[in-house]
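The structure appears below as structure tokens.
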Amino acid sequence: MELEKELRRAVEQKQFYLVYQPKWNVQTNSLSGYEAFIRWNHGRLGVVHPDEFIPVAEENGLIMPLTEWTLQAACFQCKEWMDKGLDHPVAVNVSLSLFRNDSLLETIRTVLKQTGLPPDRLELEITESVVLHDVNDIMKQLTGIRELGIRVAMDDFGSGYSALGLLDRMPIDSLKLDRLFTSDLDKPVKQTMVQAIVLMAESLNVEVIAEGVEDPQHMTLLRELGCHVMQGYYYGKPMEAPAMEEWLNHAA
Ligand code: G
Ligand code: G
Ligand code: MN
Ligand code: NA
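In the UniProt record's numbering, each number is its position in the sequence shown, counted from 1, plus 209.
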């Protein structure tokens, strides 16, 4: 209850900032983009992570204003870096609950207009858990978003609820292999599963991004298994904007 009240005030006072993590394409050996994660600078409690407050925001009608802030901040930053010659797409995490109506699409349109960011520099990451009864509404929203030229990624693929049976109908550009696969790759069966997912993705023309890549062994194995894009501590931890800008300057 307390957290809800404080979160409401934090939204009004914009007590948030973003950190960024690179995604590296090992096939072209170039940056494929970066993901933005929200942080809450609480003051008394210090920095609060989204795992702790996103669920609270979802339950209390705060997820839309919070997402609006995130989109605005991420697009603004991406455009600023673009103007400095550091031109790479930004990925923003968006809760699936926001895909049930048209307002997200309207928000995105407004944010792109306000920031001047081209739609193809924005990517949305959504978690795969799809409640079966709203599949059609969600697909309609996703289709509208992709028609604007925005890319869509299915996040945490292979964790929790599996939308495997819907994968061929999901209007997505990429899927992000859950960290559980990467951390367990010494098990042969996990390697076989990754191979199968890559094969499936190829036939759907969907890119596979491996998450949680922490060392060169992970990277080499995942590359051999057919993953082209890697994200994880091995390439870079989520960083605040100045550190990310420095990273981008060195990667360019
Ligand atoms: O690095 P990290 O602890 O930030 O991320 C934890 C979880 O919070 C991840 O599942 C991530 O997708 C989610 N997350 C991070 N930023 C946002 C955000 O801006 N919106 C939403 N809905 N989820 C986010
Ligand atoms: O949005 P998503 O659920 O994919 O969020 C990814 C989460 O994983 C974030 O909390 C991020 O900080 C974290 N993360 C990113 N790279 C690594 C990594 O290499 N190892 C571990 N353990 N966590 C990571
Ligand atoms: Mn994500
Ligand atoms: Na993920």
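Even for Gly, the Cβ is constructed at its ideal location relative to N, Cα and C.
Relative to the Cα of M273, the nearest Cα in the group S312, Y243 and R248 belongs to S312. I418 is not a Cβ neighbour of K446, given a cutoff of 7 Å. R330 is classed as buried because its beta carbon has at least 16 other beta carbons within 10 Å across all chains shown. As computed with DSSP, E334 is found in a beta bridge with N302 and A362.
Per the coordinates, the alpha-carbon of V301 lies some 17 Å from the alpha-carbon of I347. Excluding sequence positions up to five before and after T316, its CB lies within less than 7 Å of the CB of E277 and L280, all in the same chain and listed in chain order.
Taken atom to atom, the span from the alpha-carbon of P264 to that of D387 is near 20 Å. By the neighbour-count criterion, in which 16 or more other beta carbons inside 10 Å mark a residue as buried, Q323 falls on the exposed side. Counting only residues of its own chain and dropping the five nearest sequence neighbours on each side, R309 has a CB closer than 8 Å to the CB of D343, D346, I347 and Q350. Annotation: the continuous alpha helix (DSSP H) that includes S392 extends over R388 to S392.
Residue state for N238 is assigned as coil, using DSSP reduced to three classes. The alpha-carbon of L275 is positioned some 8 Å away from that of A266. In this structure M453 touches Y243 by the C-beta definition: roughly 7 Å separates them, less than 8 Å. Rounded to whole angstroms, the gap between the alpha carbons of L321 and L271 is 21 Å.
Burial is judged here by how many other beta carbons sit within 10 angstroms of a residue's own beta carbon; T319 has fewer than 16 and is exposed. The secondary-structure analysis by DSSP pairs A419 across a beta bridge with L386 and M439. Of the candidates A362, V228, V415 and N238, V228 places its Cα closest to the Cα of V256. Between K232 and Q426, the gap from beta carbon to beta carbon reaches 7 Å or more.
The closest heavy atom of ligand 1 lies 6 Å or more from the beta carbon of S312. Setting aside the 5 residues that flank it on each side, T352 is surrounded in the same chain by P380, each with a C-beta closer than 6 Å to its C-beta; the list follows chain order.
Secondary structure within the segment 213 to 262: the beta strand (DSSP E) runs of 3 or more consecutive residues, fully enclosed, are 225 to 234 and 239 to 250 (chain order). Per DSSP, L275 is one residue of the alpha helix (DSSP H) stretching across I272 to D292.
Within its own chain, the residues whose Cβ lies closer than 6 Å to the Cβ of V438, once the five positions on either side in sequence are excluded, are K232, N234, S241 and I418, listed in chain order. Here the alpha carbons of Q286 and W456 stand approximately 15 Å from one another.
DSSP places G374 outside any alpha helix (DSSP H), giving it a letter other than H or E. Residue list for ligand 3: N302, E334 and D364 (CB closer than 5 Å to any heavy atom, chain order).
For M448, the beta-bridge partners assigned by DSSP are Y229.
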